[in-house]
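Novice:
Numbering (this note's numbering), first residue to last: 22 to 383.
1. What is the DSSP secondary structure of residue 138, counted as helix, strand or coil?
2. Beta-carbon within less than 6 Å of residue 38's beta-carbon, same chain only, minus the 5 sequence neighbours each way: which residues are those?
3. Under DSSP, the beta strand (DSSP E) around residue 159 begins and ends at which residues?
4. Within its chain, find whatever has a CB closer than 8 Å to the CB of residue 159; leave out the 5 residues flanking it on each side and keep chain order.
5. Secondary structure at residue 210, three-state DSSP: helix, strand or coil?
6. Assuming residue 114 is part of the beta strand (DSSP E), what are its boundary residues?
7. So which of 132, 112, 122, 143 has the shortest CA-CA distance to residue 101?
8. Assuming residue 57 is part of the beta strand (DSSP E), what are its boundary residues?
9. Measure from the alpha carbon of residue 315 to the alpha carbon of each residue in 133, 194, 246, then state which is nearest.
10. In three-state DSSP terms, what is residue 378?
11. Determine contact between the stretch 186–196 and the stretch 133–143, defined as no fewer than three beta-carbon pairs at a distance below 8 Å.
12. I'd like to know whether the C-beta atoms of residue 220 and residue 274 end up nearer to each other than 8 Å.
13. State buried or exposed for residue 322, treating a residue as buried only when at least 16 other CB atoms are found within 10 Å of its CB.
14. At 3 residues or longer, and completely inside the stretch 227–280: list those beta strand (DSSP E) runs for me, N to C.
15. Could you tell me whether the Cβ atoms of residue 67 and residue 98 are closer together than 8 Å?
16. Going by Cα to Cα distance, which pick from 363, 337, 351 is closest to residue 319?
17. Following the continuous beta strand (DSSP E) through residue 326, name the residue where it begins and the one where it ends.
18. May I ask you to list the residues that DSSP assigns as paired with residue 340?
19. Is the beta carbon of residue 190 closer than 8 Å to that of residue 135?
20. Give me the Cα-Cα distance between residue 188 and residue 369, rounded to the nearest whole angstrom.
21. Start and end of the beta strand (DSSP E) containing residue 52?
22. Find the nearest neighbour of residue 54 within the set 340, 179, 84, 163, judged by alpha-carbon distance.
23. Would you mind reading off the limits of the beta strand (DSSP E) that contains residue 295?
24. Under a three-way DSSP split, which group does residue 285 fall into?
25. Rounded to the nearest angstrom, what separates residue 1 and residue 354 at their Cα positions?
26. Would you call residue 298 buried or exposed, if buried means 16 or more other Cβ atoms sit within 10 Å of its Cβ?
27. Which residues bound the alpha helix (DSSP H) around residue 202?
28. Leaving aside the five residues before and after residue 262 along the sequence, list all residues of the same chain whose C-beta is less than 7 Å from its C-beta, in chain order.
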């Protein structure tokens, strides 16, 4: 039986993985590049001289976040004809796929929409990229793909058994991408990054969270700190954690973006392989820890009330991301105070932006 290419490749942490020089990096299509994480990845590529094309349907994207210097195209990642035209016209050699629906709570009440947007769109994009001869596709995934555990750090080899449709849609998207790449005649490579809780904002103030309907803890909390909201609801105070609130591994978005560039260079040097990494700091912070840190940075207490747990939320998610050192990934912003400080600075700037530059709904 022929060996099935593009299955996850074992990583030996002590052996740094080879990479192509950044100067040899081809033009990159960034889907969801008008969103939070995608815009930071686009900035990281542009900062290193890589040509970037942003594709975003602007259903949750923001014109404020489209990086200066990127080519912008409005459309869906699953539009095969459009993506094929972009690949040919812009000579795209790699894809970073961020476009997705990301709310755990919404995925529980709207599962069909999540499977359609996160799974079907990924299938169409992967199939189009493979048919067009794209060398590599990097997928933005999540720690929500893992099974619930006892709070210990999660490794890439741990069991995948998502407890909500969001995580399930991403786990399926990972498999679909690998299978399509494995069947590609030119040996398309795959990179998958499973983030834990992304936080912070670009230290230079060029991007940050700008949601039409905020649901991330830190984005909502910074709006309380800047007087745009009266208080924040903490969902659950009876988890088996030190203070009863949920515990997460918060990781700075600029560190996430840097890891994307490193992984892209790695998979472009590893034809036909599939590499998967966790991204986190291995340090759990509770919701109340985050609110306390933001209160210190802002000089203002962050009022909160307790509400019921949200369906699909685990008590704790903390990464074992030690394998990512094989990429040469060295996080620069691990301190929680730094993360919430950057987020607060961005929110103060964002709240003064022109009205037509905030998040838009298509």
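Glycine residues also receive a C-beta, built at the ideal position from the N, C-alpha and C atoms.
Specialist: With the given structure in hand:
1. helix
2. 287, 347
3. 157–163
4. 115, 116, 117, 118, 211, 212, 213, 214, 281, 284, 285, 288
5. strand
6. 113–118
7. 143
8. Careful: residue 57 lies outside any beta strand (DSSP E), inside the alpha helix (DSSP H) at 57–68.
9. 246
10. Legend: pLDDT at residue 378 = 48, less than 50; position of this residue unreliable, no value from coordinates given.
11. yes
12. yes
13. exposed
14. 253–256, 271–273
15. no
16. 363
17. 325–328
18. 175
19. yes
20. 32 Å
21. 48–52
22. 84
23. 295–300
24. helix
25. With the chain covering only 22 through 383, there is no way to say anything about residue 1.
26. buried
27. 186–203
28. 268, 307, 336, 337
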